[in-house]
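To start, the structure under review is shown below, and the notes come after it.
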Amino acid sequence: MIVLGYGGIQVINARISLGEFVAFNAYLGMLIWPMMAVGRVINVLQRGSASMERLNILFNERPEVYDDPATVKPVESLRGQIEFRNLNFSYPDGTQALKNINIKLKQGKTLAIIGRTGSGK
1 MIVLGYGGIQ VINARISLGE FVAFNAYLGM LIWPMMAVGR VINVLQRGSA
51 SMERLNILFN ERPEVYDDPA TVKPVESLRG QIEFRNLNFS YPDGTQALKN
101 INIKLKQGKT LAIIGRTGSG K
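With the working numbering applied, the sequence shown covers 1 to 121.
What follows is the structure, encoded as structure tokens:
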């Protein structure tokens, strides 16, 4: 409003033309949204910075319980396989999801269980 009032006075006093006044207002209108976007980005950056500080405090916390290095035994190597025989699973309501599943996972092999969300993987 101040810009419009001041510009109108300048036009009345013949310091600027009406065309210059209209052009200036158009340019001002084009600048409003980018300036608001910059303000929004600065706000998000400040909130993100504050959140990062809190996360860093959490990540730098020392655990209250430590494993005794003397009790931890490194695994030298794993050999063998994993085998399921006649695996069955039913939900509490009695709906059977798995029936007599037999699978043998050999050493060094990978198994992927895939399916849509909610399919019971």
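No residue lacks a Cβ here, since even glycine has one placed at the ideal position from N, Cα and C. Predicted, not measured: the structure shown is a model, and the values here were computed from it.
Where does residue i sit, in a helix, a strand or coil, going by DSSP?
i	result
Q10	helix
A37	helix
G115	coil
G120	coil
M1	coil
Note down the Cα distance separating residue i from residue j, rounded to an integer number of angstroms.
i	j	result
E76	R54	39 Å
R62	A37	40 Å
E20	L45	37 Å
M52	F59	10 Å
M30	T117	46 Å
P124	Y66	Here the chain has residues from 1 to 121 only, and residue 124 is not among them.
P69	N100	43 Å
I32	N56	36 Å
I114	G94	24 Å
R79	K104	14 Å
N25	M35	15 Å
G108	E64	37 Å
I82	T110	11 Å
S49	V41	12 Å
Count the other C-beta atoms from every protein chain shown that fall within 10 angstroms of the C-beta of residue i, then say buried if there are 16 or more, exposed otherwise.
i	result
F120	Residue identity check: residue 120 is Gly in the sequence provided, not Phe. It is exposed - the Cβ of G120 has fewer than 16 other Cβ atoms within 10 Å.
G7	buried
In chain order, what residues of the same chain lie with their CB nearer than 6 Å to the CB of residue i, ignoring the 5 residues before and after it?
i	result
I16	Q10
In chain order, each beta strand (DSSP E) run of at least 3 residues that lies wholly inside the region 48 to 110: 81 to 90 and 96 to 106
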